[in-house]
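Novice: Let me begin by handing over the structure; questions about it come next.
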Amino acid sequence: MRADRVAERLRERELDMLLVTHMTNVRWLSGFTGSNAVIVLGAEERLFITDFRYVEQAAAQVEGFDRLEGERSLLADAARRLRGRVGFEDAHVSVRTLKRLEELAEDAELVPAGDLLEELRAVKEPAELEAIRAAAALADDAAEAVVLSRGLAGRTEREVALELETEMRRLGAEGPSFPSIVAAGPHGALPHAEPRDVEIPAGTLVICDYGARLDGYCSDCTRTFASGPVEGEMVEVYELVLGAQEAALAAVRAGAGLKDVDAVARDRIAAAGHGERFGHSLGHGVGLDVHEEPRLSKQSEGELVAGNVVTVEPGVYLSGAFGVRIEDLVAVTEDGYESFSRLPKGLTVAGE
Ligand code: ZN
Ligand code: ZN
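Numbering of the sequence shown is given in our numbering, commencing with residue 302 and proceeding in unit increments.
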């Protein structure tokens, strides 16, 4: 049980209790999908507190915890039970909430817990891998129907993005895991471009970055398609990014340094003279959140472990001209990875 894994971490960190207020972590720990609950977890305590609206839902979803209906504020109800050294989720608790908590929890010493739960969430269980695999397959099916079959030229970025999201829902997704990016030509040089009401011209590169949410779990994939035949620098940069992406993927395995995998792609792109045009990190973990631990970046310490799910997504952005990003979602294994992204990566003219 996940709560037991957390209790073990608490012992290592010499914490008596953990107060869990961040809803994604509440969900991961208990299975509860509602929007208001607090968990108090200790060596002896397994306490789940929610409000009147969610009592029935919690009875159906939450096992292995003593369930309590909160009286006034869940925070006050939880605070009364806190004793000793109590970890709190400092990445998610506001200054105001912390102040209230200090007033309410008189018998507790509040200690920042850091990424205690996020680190556990970074290593996926088989059922979680299955959920992410299914979300990725669903999103690929949507991209196949909306982009690859119908083509891009003559449609607006917004139309394509909206249809992608509608198709994902039609195929059973709870929704997109983040607002889809469809960015053509010079607009693709903005890594986080928002789709515009602008028609996509023929013969340019179009970045499509999309993901689905299924059973709470996210997927994340990017393909850069051509909207018609392209040549010259567009092809060269595309091949450079693809080579860097495949080289980085080949470095993915349990035990690989997070910053080392990032460096594989970054060095290749720098060697081709585009180092300044790859300004973001190589990848990020994906799970209940679309961006979570671990991060594949220049600054990341630590190593990949089996069960991590990460993206590998180098990009090159030529201001005023075009951008290329290619992103796969993979599960790390002892000797490599399993890719959850199935769409082809060779330069493809959408609709042909
Ligand atoms: Zn993405
Ligand atoms: Zn991503």
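All C-beta atoms, glycine included, are put in the ideal place defined by N, C-alpha and C.
Quick one: any contact between the stretch 551–562 and the stretch 396–412, if contact means 3 or more CB pairs under 8 angstroms?
Specialist: no
Novice: Return helix, strand or coil for Gly-486, following the three-state DSSP convention.
Specialist: The residue labelled residue 486 in the question sits at position 185 within the sequence shown. If DSSP states are grouped into helix, strand and coil, Gly-486 belongs with the helices.
Novice: Output the residue ranges of the beta strand (DSSP E) runs that lie fully inside the stretch 507–537 and measure 3 residues or longer, sorted by chain position.
Specialist: 513–515 and 522–527
Novice: Using 8 angstroms as the threshold, is the stretch 436–455 in touch with the stretch 525–533, meaning 3 or more CB pairs across them?
Specialist: These segments touch.
Novice: Measure the alpha-carbon distance for Leu-491 versus Leu-383 and round it to whole angstroms.
Specialist: Position 190 of the sequence shown, counted from the start, is the residue given in the question as residue 491. Position 82 of the sequence shown, counted from the start, is the residue given in the question as residue 383. Using only the alpha carbons, I get a separation of about 47 angstroms.
Novice: On the DSSP letters alone, give me the boundaries of the alpha helix (DSSP H) that Leu-505 sits inside.
Specialist: On the sequence shown, position 204 is the one that residue 505 refers to. For clarity, residue 505 is Thr in the given sequence; the question names Leu instead. That residue, Thr-505, is in no alpha helix (DSSP H); it is neither H nor E in DSSP.
Novice: Can Phe-579 and Val-631 be called in contact, C-beta distance under 7 angstroms?
Specialist: Counted from its first residue, the sequence shown places residue 579 at position 278. Counted from its first residue, the sequence shown places residue 631 at position 330. No, Cβ-Cβ distance for Phe-579 and Val-631 is not below 7 angstroms.
Novice: What residues sit near ligand 1, counting only those whose C-beta is closer than 7 angstroms to one of its heavy atoms, in chain order?
Specialist: Asp-510, Gly-512, Asp-521, Cys-522, Thr-523, Thr-612, Glu-614 and Glu-628
Novice: Taking C-alpha atoms, which residue in Pro-615, Glu-547, Leu-648 and Leu-376 lies nearest to Gly-637?
Specialist: Looking up residue 637 in the sequence shown gives position 336. Out of Pro-615, Glu-547, Leu-648 and Leu-376, Glu-547 has the C-alpha closest to the C-alpha of Gly-637.
Novice: Using the Cα positions of His-581 and Asp-510, report the straight-line distance between them to the nearest angstrom.
Specialist: As a working mapping, residue 581 is identified with position 280 in the sequence shown. As a working mapping, residue 510 is identified with position 209 in the sequence shown. When rounded, the distance between both Cα atoms is 15 angstroms.
Novice: In chain order, what residues of the same chain have a beta carbon less than 8 angstroms from the beta carbon of Glu-372, not counting five sequence neighbours either side?
Specialist: The sequence position of residue 372 within the sequence shown is 71, counting from 1. Hits under 8 angstroms: Asp-378.
Novice: Return the chain-ordered list of same chain residues with a C-beta closer than 6 angstroms to the C-beta of Ala-361, the five sequence neighbours on each side being excluded.
Specialist: The sequence position of residue 361 within the sequence shown is 60, counting from 1. Answer for Ala-361: no residue qualifies.
Novice: Measure the Cβ-Cβ separation of Ala-654 and Gly-652 and say whether it is below 7 angstroms.
Specialist: Here the chain covers residues 302 to 653 and nothing more, so residue 654 does not appear.
Novice: Among Gly-335, Ile-350 and Ser-336, whose alpha-carbon lies nearest the alpha-carbon of Leu-342?
Specialist: Against the sequence shown, residue 342 aligns to sequence position 41. When each option's Cα is compared against that of Leu-342, the closest is Ile-350.
Novice: If contacts are defined as beta-carbon pairs under 8 angstroms, then Arg-401 and Leu-589 qualify, I think. What distance do you get, rounded to the angstrom?
Specialist: Residue numbering aside, residue 401 sits at position 100 when the sequence shown is read from its first letter. Residue numbering aside, residue 589 sits at position 288 when the sequence shown is read from its first letter. The beta-carbon separation of Arg-401 and Leu-589, rounded to 27 angstroms, does not stay under the 8 angstroms limit for a contact.
Novice: Report yes if the CB atom of Val-538 is closer than 7 angstroms to the CB atom of Ala-549, and no otherwise.
Specialist: For the purposes of this step, residue 538 is taken as residue 237 along the sequence shown, with counting starting at 1. For the purposes of this step, residue 549 is taken as residue 248 along the sequence shown, with counting starting at 1. Not a contact, by the Cβ cut-off of 7 angstroms.
Novice: Any idea what DSSP makes of Gly-576, helix, strand or coil?
Specialist: Here residue 576 is taken as the residue at index 275 of the sequence shown, counted from 1. Correct three-state label for Gly-576: helix.
Novice: Using 8 angstroms as the cut-off, can you tell me whether the stretch 424–439 makes contact with the stretch 514–523, which would need three or more C-beta pairs spanning the two stretches below that distance?
Specialist: yes
Novice: State the DSSP-derived secondary structure class of Glu-594, mapped to helix, strand or coil.
Specialist: Stepping through the sequence shown from its first residue, residue 594 is reached at position 293. Strand.
Novice: Quick check: what's the CA-CA separation for Ala-359 versus Ala-545?
Specialist: Counting from one through the sequence shown, the residue named residue 359 turns up at place 58. Counting from one through the sequence shown, the residue named residue 545 turns up at place 244. Going by the C-alpha atoms only, they are around 47 angstroms apart.
Novice: Sort out for me which residues DSSP pairs Asp-367 with in a bridge.
Specialist: In the sequence shown, residue 367 corresponds to position 66, counting from 1. DSSP lists Leu-348 as partners of Asp-367.
Novice: Identify whether Arg-626 lies in helix, strand or coil by the three-state DSSP scheme.
Specialist: As a first step, residue 626 must be located in the sequence shown, where it is residue number 325. Correct three-state label for Arg-626: strand.
Novice: Is the separation between the beta-carbon of Ala-443 and that of Leu-465 shorter than 7 angstroms?
Specialist: Taking the sequence shown and counting its residues from 1, the one referred to as residue 443 is at position 142. Taking the sequence shown and counting its residues from 1, the one referred to as residue 465 is at position 164. In this structure, Leu-465 lies closer than 7 angstroms to Ala-443 by Cβ.
Novice: List the DSSP bridge partners of Ala-604.
Specialist: As a working note, residue 604 is residue 303 in the sequence shown. The question names Ala, but residue 604 is Glu in the sequence shown. Answer is Gly-558.
Novice: Report buried or exposed for His-493, applying the criterion of at least 16 other Cβ atoms within 10 angstroms of its Cβ.
Specialist: The sequence position of residue 493 within the sequence shown is 192, counting from 1. Exposed, since its Cβ has fewer than 16 Cβ neighbours within 10 Å.
Novice: Could you tell me the boundaries of the beta strand (DSSP E) in which Arg-386 lies?
Specialist: Position 85 of the sequence shown, counted from the start, is the residue given in the question as residue 386. Per DSSP, Arg-386 belongs to the beta strand (DSSP E) from 385–389.
Novice: Helix, strand or coil: how does DSSP classify Ala-632 here?
Specialist: As a position in the sequence shown, residue 632 is number 331, starting the count at 1. Of the three classes helix, strand and coil, the one that applies to Ala-632 here is strand, per DSSP.
Novice: Applying the criterion that 16 or more other CB atoms from any shown protein chain within 10 Å of the CB defines a buried residue, is Val-499 buried or exposed?
Specialist: Here residue 499 refers to the residue found at position 198 when the sequence shown is read from its first residue. Classification for Val-499: exposed.
Novice: Which partner residues does His-585 have in the DSSP bridge list?
Specialist: Locating residue 585 in the sequence shown gives position 284, counting from the first residue. Looking at the DSSP assignment, His-585 forms a beta bridge with Arg-596.
Novice: Could you check which residue in Val-565, Thr-322 and Leu-311 has the C-alpha nearest to that of Val-661?
Specialist: Past the boundaries of the shown model lies residue 661; the chain is included only from 302 to 653, so the question cannot be answered.
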